[in-house]
Amino acid sequence: MIEINNESAIAVDETVLQRLTDFNLAQLHVSPDAEVAIVLVDEGAMESLHVQWMDEPGPTDVLSFPMDELRPGSPENPTPPGLLGDIVLCPQVAEAQAQTAGHSLMDELILLTTHGLLHLLGFDHAEPDEEREMFGLQKSLIEGFARVERGR
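In terms of the numbering used here, the sequence shown opens at residue 19 and continues consecutively.
Below is the structure:
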C-alpha cells in the first residue's frame, strides 16, 4: 500500500512514483501489502524536517523515516506486510539537482524515491562498502524500472 501526497507547489506525475515503488518493492521481495508513504513538500517544510531530524541547516532532497525496520526478502522468503515508513521529497531541491545533472525532474525524483526506499529497508552509505552496495542496487533498480517503463 503506497500513499502519495504532494504538498509542494510543483506538479509531479504521482503515477510514475507509484509504479516505481511497486516495481522496487517487487524486486526487493517485499510484500505488496507493506505500507509506505511518499510526501512531497516545499523547501520550507523540508528545511524544518532537516533541522529537526538531522540537525543540519537548509532543505535537502530526500529524508527517510523507517518504521518497522523491515528488510528486503528473497523469492523463497519475502518480507511480510508491515509499515515501511515515510519518504519525504523536496521537488524544488530535486529540480536544481536535475538541472545540474542534465536530466529531468522526474528522473531525479525516481532516483531520490529509490534512494529513500532503500534507506527504509536498512541500506546506508556511511561506509565505502555500504555505499557500493546501496548505490549499485539503486542503479540496478532504476535501470530495471526504466526498461519496464519503455515497454509500457
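Don't be surprised by glycine CBs; every beta carbon is placed ideally from N, CA and C. Treat the numbers as computed from the prediction; the structure is a model and nothing was measured.
Identify whether residue i lies in helix, strand or coil by the three-state DSSP scheme.
{"i": "Asp104", "result": "strand"}
{"i": "Ile22", "result": "strand"}
{"i": "Glu53", "result": "strand"}
{"i": "Val34", "result": "helix"}
Suppose contacts are defined by Cβ-Cβ distances below 8 Å. Is residue i in contact with residue j by that definition?
{"i": "Asp31", "j": "Met124", "result": "yes"}
{"i": "Val54", "j": "Ile105", "result": "yes"}
{"i": "Ser82", "j": "Gly103", "result": "yes"}
{"i": "Gly91", "j": "Val34", "result": "no"}
{"i": "Glu25", "j": "Val57", "result": "yes"}
{"i": "Leu173", "j": "Leu46", "result": "Coverage of the chain is limited to positions 19 through 170, which leaves residue 173 absent and any answer about it impossible."}
{"i": "Asn42", "j": "Thr132", "result": "yes"}
{"i": "Leu107", "j": "Ala52", "result": "no"}
With respect to the alpha helix (DSSP H) encompassing residue i, which residues constitute its N-terminal and C-terminal limits?
{"i": "Ile28", "result": "Unbroken run through Ile28: none, as it is neither H nor E."}
{"i": "Glu113", "result": "109-119"}
{"i": "Phe153", "result": "146-168"}
{"i": "Asp125", "result": "123-138"}
With residue i and residue j assumed to form a contact (beta carbons below 8 Å), what rounded beta-carbon distance in angstroms separates them?
{"i": "Leu130", "j": "Leu155", "result": "At roughly 15 Å, the Cβ-Cβ gap does not stay under 8 Å, so Leu130 and Leu155 are not in contact."}
{"i": "Met64", "j": "Val111", "result": "7 Å"}
{"i": "Pro2", "j": "Leu127", "result": "One cannot answer for residue 2 here, as it falls past the ends of the chain, which runs 19 to 170."}
{"i": "Gln115", "j": "Asp79", "result": "6 Å"}
{"i": "Met85", "j": "Leu67", "result": "Actually they do not touch by this definition, with Cβ atoms about 16 Å apart."}
Is residue i near the ligand ATP, with its Cβ less than 7 Å from a heavy atom?
{"i": "Ala164", "result": "No copy of the ligand ATP appears in this structure; indeed no ligand is present at all."}
Which runs of the alpha helix (DSSP H) fall wholly inside the segment 55-91 and span at least 4 residues, in chain order? 61-72
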